[in-house]
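Colleague: Residue numbers for the sequence shown follow this note's numbering, beginning at 9 and rising by one. After the structure tokens below, expect a handful of questions from me.
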Amino acid sequence: MRAFAGIVGRAGGGRPSRACPPATTAGAAGADSDWDNAFKQSDCSQRATGLGKRAVFFVHGFRGHNSIFGGLKDELRKAGYSDSKFHDFGWSANDRLTPVAKRFRDFVREKAQGEVDVVSHSTGAAITRYALKGYRHTLTDHEYNLLNPLGDQVRVWVGLAGLNYGTRNYGASVGGVWYPCLNDMKPSDTYMKNLNSGTHAPGPTRYLTYRSLSDEQLEDWTMRLDGAENREIHGASHDGVPNNSDVKAGVVKFIQETSNRYDPVLPAIGGTYVLTNMATGMALDAGTAQDFVVQWPKTASKQQKWTLERGYADGIYTLRNNYYRGPRYLRCAPGQGATSGDSAFGYHFWQIKKADGKGFLLYQDNVGRYLHFPHGDASQGKQAELGDNVQYSWYAWEFVPVPYGG
Numbered sequence: 009m010r011a012f013a014g015i016v017g018r019a020g021g022g023r024p025s026r027a028c029p030p031a032t033t034a035g036a037a038g039a040d041s042d043w044d045n046a047f048k049q050s051d052c053s054q055r056a057t058g059l060g061k062r063a064v065f066f067v068h069g070f071r072g073h074n075s076i077f078g079g080l081k082d083e084l085r086k087a088g089y090s091d092s093k094f095h096d097f098g099w100s101a102n103d104r105l106t107p108v109a110k111r112f113r114d115f116v117r118e119k120a121q122g123e124v125d126v127v128s129h130s131t132g133a134a135i136t137r138y139a140l141k142g143y144r145h146t147l148t149d150h151e152y153n154l155l156n157p158l159g160d161q162v163r164v165w166v167g168l169a170g171l172n173y174g175t176r177n178y179g180a181s182v183g184g185v186w187y188p189c190l191n192d193m194k195p196s197d198t199y200m201k202n203l204n205s206g207t208h209a210p211g212p213t214r215y216l217t218y219r220s221l222s223d224e225q226l227e228d229w230t231m232r233l234d235g236a237e238n239r240e241i242h243g244a245s246h247d248g249v250p251n252n253s254d255v256k257a258g259v260v261k262f263i264q265e266t267s268n269r270y271d272p273v274l275p276a277i278g279g280t281y282v283l284t285n286m287a288t289g290m291a292l293d294a295g296t297a298q299d300f301v302v303q304w305p306k307t308a309s310k311q312q313k314w315t316l317e318r319g320y321a322d323g324i325y326t327l328r329n330n331y332y333r334g335p336r337y338l339r340c341a342p343g344q345g346a347t348s349g350d351s352a353f354g355y356h357f358w359q360i361k362k363a364d365g366k367g368f369l370l371y372q373d374n375v376g377r378y379l380h381f382p383h384g385d386a387s388q389g390k391q392a393e394l395g396d397n398v399q400y401s402w403y404a405w406e407f408v409p410v411p412y413g414g
């Protein structure tokens, strides 16, 4: 699978660049006060793009199988989806739910770099929400930690007869058989408490639930979700909800009407940007007292502001940082980490290629490899380096325009 779809170019040199609107100047005082809003609301980095066909991930419930989504998949095919967009995730009732949620998170990242939709049934709702939301707590609770969650990679989340807040209908065993996952299904269990701490349906993901008033397994209150669009039907059993005609039509429409968040606008020559890694959420930082270029939490600092300049030919660029000892350029030699230095060093020419999902790839023109943070490691101060596995999200970068021309 190719992970890019063209090289950024000027008019006459490939696909034309589309410049961001000029930044407005509010004066030196408080010039960075709108920094957070620039990240969240930039017209250049986040725009609706119409009806794209995102990958759809299906997750069954307790002792279930993903064949339960067969009718829904048929409806999606009628709407133009190919089977290559469908991904089934299976799990065993003999597992605890936290490791299952971690495996689902990793499964999504392995199969899709861009935005995805998730459809779950029953206990699949609790699993997928944990992978989306994540959880971080003290060492005494470390077994429930799920770091680096899917977050806004999930565009639409659907829970069909979903177990969102636990259930009192299951005891220590079902049918005389004890299953480890039952330890995580009661409202008072640690898993459920962690899952529903804080915001239950964090944005920008859109949430939809369906529940049946005839459900014989789960209570009405657990199949709703605070912050979701909650719908009810009549007459369907617990396992019949996914194949209900109203449910199938409603889910397909909800997914299709939800546009993609990201259609990355090609960065403009002369523009100044903060380069944010799509996997770690951190910025490319030139530092204040060294040559290493590392990842650091996004701030208003000048060492995170990079100006895109034309290189030796159309489609070849340099990225200049002016903070540390005058003009310094992003560079990365083979077998070394990224640094900033003057142009005499070399290894500072880049191509910018659109990633298969969100953002762009930085292709080192002298070496023929791509800039990334190894394995999506979110450690503060981690040095960027070159590699080839562009299918992973930690190779993708967002060019966030700097407010006020910083």
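All C-beta atoms, glycine included, are put in the ideal place defined by N, C-alpha and C.
Could you tell me whether the segment 131–145 touches the segment 196–214, where touching means 3 or more Cβ pairs closer than 8 Å?
Modeller: Enough Cβ pairs lie closer than 8 Å, so yes.
Colleague: Assign E123 to one of two classes, buried (16 or more other C-beta atoms within 10 Å of its C-beta) or exposed (fewer than that).
Modeller: Mapped onto the sequence shown, residue 123 falls at position 115. Buried is the call here.
Colleague: Going by other Cβ atoms of all chains shown within 10 Å of its Cβ, with 16 needed for buried, is T307 buried or exposed?
Modeller: As a first step, residue 307 must be located in the sequence shown, where it is residue number 299. By the 10 Å Cβ count, T307 comes out exposed.
Colleague: Applying the 10 Å Cβ sphere with the 16-neighbour rule, what's the burial state of E406?
Modeller: Counting from 1 along the sequence shown, the entry for residue 406 is found at position 398. By the 10 Å Cβ count, E406 comes out buried.
Colleague: Suppose you measure from the CA of G279 to the CA of N329; what does that come to, to the nearest Å?
Modeller: As a first step, residue 279 is located in the sequence shown; it is residue number 271 there, counting from the start. As a first step, residue 329 is located in the sequence shown; it is residue number 321 there, counting from the start. Roughly 12 Å separates the two Cα atoms.
Colleague: In the DSSP output, which residue or residues are listed as bridge partners for S100?
Modeller: To locate residue 100, count along the sequence shown from 1; it is residue 92. Bridge partners of S100: none, in fact.
Colleague: Exposed or buried, which one is Q344 when buried takes at least 16 other CB atoms within 10 Å?
Modeller: Position 336 of the sequence shown, counted from the first residue, corresponds to residue 344. Exposed: under 16 other Cβ atoms inside 10 Å.
Colleague: Assuming contact is defined by CB atoms lying nearer than 8 Å, are L216 and V166 in contact in what I supplied?
Modeller: The sequence position of residue 216 within the sequence shown is 208, counting from 1. The sequence position of residue 166 within the sequence shown is 158, counting from 1. Yes, these two residues count as a Cβ contact at 8 Å.
Colleague: From G170 to R232, what does the alpha carbon distance come to, in whole angstroms?
Modeller: Locating residue 170 in the sequence shown gives position 162, counting from the first residue. Locating residue 232 in the sequence shown gives position 224, counting from the first residue. For G170 and R232, the distance between alpha carbons rounds to 8 Å.
Colleague: Using the beta-carbon count (16 or more within 10 Å), is Y320 buried or exposed?
Modeller: As a working note, residue 320 is residue 312 in the sequence shown. Exposed: under 16 other Cβ atoms inside 10 Å.
Colleague: Run through the DSSP bridge pairs and tell me what A291 is partnered with.
Modeller: Counting from 1 along the sequence shown, the entry for residue 291 is found at position 283. BP columns for A291 point to T284, W304.
Colleague: Within 10 angstroms of its Cβ, does H242 collect 16 or more other Cβ (buried), or is it exposed?
Modeller: For the purposes of this step, residue 242 is taken as the residue at position 234 of the sequence shown. Per the 10 Å Cβ criterion, exposed.
Colleague: What separation, rounded to the nearest whole angstrom, lies between the Cα atoms of P305 and Q391?
Modeller: As a first step, residue 305 must be located in the sequence shown, where it is residue number 297. As a first step, residue 391 must be located in the sequence shown, where it is residue number 383. Straight-line Cα distance between these residues: approximately 13 Å.
Colleague: Report the residue from G98, L158, L370, L394 whose alpha carbon sits nearest the alpha carbon of H73.
Modeller: Start at 1 with the first residue of the sequence shown, and residue 73 comes out as number 65. Residue G98 is the option with its Cα nearest to H73.
Colleague: Are there 16 or more other CB atoms within 10 angstroms of the CB of H383, so buried, or fewer, so exposed?
Modeller: Indexing the sequence shown from 1 puts residue 383 at position 375. By the 10 Å Cβ count, H383 comes out exposed.
Colleague: Which runs of the beta strand (DSSP E) at least 3 residues long sit entirely within the segment 197–280? Give them in chain order.
Modeller: Qualifying beta strand (DSSP E) stretches, in chain order: 214–220, 237–241.
Colleague: Would you check if the segment 88–105 and the segment 369–378 touch, i.e. whether three or more CB-CB distances between them fall below 8 Å?
Modeller: In short, these stretches do not touch, since the Cβ pair count stays below three.
Colleague: Quick one: any contact between the segment 275–291 and the segment 389–404, if contact means 3 or more CB pairs under 8 Å?
Modeller: Yes, since at least three Cβ pairs between the segment 275–291 and the segment 389–404 fall closer than 8 Å, the two stretches touch.
Colleague: Locate the beta strand (DSSP E) running through T315, then write down its first and last residues.
Modeller: If you number the sequence shown from 1, residue 315 lands on position 307. Where T315 is concerned, the enclosing beta strand (DSSP E) stretches over 314–318.
Colleague: Determine the contact status of V4 and L158, defining contact as a CB-CB distance below 8 Å.
Modeller: Outside the displayed span of the chain (9 to 414) sits residue 4, for which this structure offers no information.
Colleague: According to DSSP, simplified to helix, strand and coil, what is Y89?
Modeller: Residue mapping note: residue 89 aligns to position 81 of the sequence shown, counting from 1. Three-state result, Y89: coil.
Colleague: Does the distance from the C-beta atom of Y178 to that of L168 stay below 8 Å?
Modeller: Working through the sequence shown from its first residue, we reach residue 178 at position 170. Working through the sequence shown from its first residue, we reach residue 168 at position 160. No, they are not a contact pair.
Colleague: Can you look up V164 in the DSSP assignment and give me helix, strand or coil?
Modeller: Position 156 of the sequence shown, counted from the start, is the residue given in the question as residue 164. Three-state result, V164: strand.
Colleague: Flag this pair as yes or no: are the beta carbons of D125 and R62 separated by less than 8 Å?
Modeller: Walking along the sequence shown from the start, residue 125 turns up at place 117. Walking along the sequence shown from the start, residue 62 turns up at place 54. Contact: yes.
Colleague: Could you check which residue in Q399, Y173, R339, N172 has the C-alpha nearest to that of S120?
Modeller: Taking the first residue of the sequence shown as position 1, residue 120 is located at position 112. Residue identity differs from the one stated: residue 120 is Ala in this sequence, not Ser. Residue Q399 is the option with its Cα nearest to A120.
Colleague: Given P335, which residues of its chain have a CB within under 7 Å of its CB, disregarding the five upstream and five downstream residues?
Modeller: Position 327 of the sequence shown, counted from the first residue, corresponds to residue 335. Taken in chain order, the residues that qualify are R328.
Colleague: Under the three-state reduction of DSSP, which class applies to N329: helix, strand or coil?
Modeller: Within the sequence shown, numbered from 1, the residue matching residue 329 stands at position 321. Looking at N329 - three-state DSSP - the assignment turns out to be strand.
Colleague: Between Q264, T207, T175, which has its C-alpha nearest L226's C-alpha?
Modeller: By 1-based counting over the sequence shown, the position of residue 226 is 218. Checking every option, the nearest Cα to that of L226 belongs to T175.
Colleague: Decide if W358 is buried, meaning its Cβ has at least 16 other Cβ atoms within 10 Å, or exposed.
Modeller: Residue 358 sits at position 350 when you count from the first residue of the sequence shown. With 16 or more Cβ atoms within 10 Å of its Cβ, W358 is classed as buried.
Colleague: Would you mind stating whether H208 and D223 have Cβ atoms separated by less than 8 Å?
Modeller: Within the sequence shown, the letter at position 200 stands for residue 208. Within the sequence shown, the letter at position 215 stands for residue 223. No, the Cβ-Cβ distance between H208 and D223 is not below 8 Å.
Colleague: When you compare the CB positions of D364 and R377, do they come within less than 8 Å of one another, or not?
Modeller: Here the question's residue 364 lines up with position 356 in the sequence shown. Here the question's residue 377 lines up with position 369 in the sequence shown. Against a cut-off of 8 Å, the Cβ pair of R377 and D364 comes out as no contact.
Colleague: Between the alpha carbons of F115 and H380, how many angstroms are there, rounded?
Modeller: For the purposes of this step, residue 115 is taken as the residue at position 107 of the sequence shown. For the purposes of this step, residue 380 is taken as the residue at position 372 of the sequence shown. The straight-line gap from Cα to Cα measures roughly 20 Å.
Colleague: Which partner residues does S348 have in the DSSP bridge list?
Modeller: In the sequence shown, counting from the first residue as 1, residue 348 sits at position 340. According to DSSP, which records beta bridges pairwise, S348 is partnered with L338.
Colleague: Have a look at N238, V162, T230, R219 and flag the residue whose alpha-carbon is nearest the alpha-carbon of V64.
Modeller: Taking the sequence shown and counting its residues from 1, the one referred to as residue 64 is at position 56. Per the Cα distances, V162.
Colleague: Rounded to the nearest angstrom, how far is the Cβ of S351 from that of D299, given a contact under 8 Å?
Modeller: As a working mapping, residue 351 is identified with position 343 in the sequence shown. As a working mapping, residue 299 is identified with position 291 in the sequence shown. Between D299 and S351 the Cβ distance is about 14 Å, and since that is not below 8 Å, they are no contact.
Colleague: On the DSSP bridge assignment, give the partners of D125 in chain order.
Modeller: Here residue 125 refers to the residue found at position 117 of the sequence shown. D125 is bridged to V64, V164.
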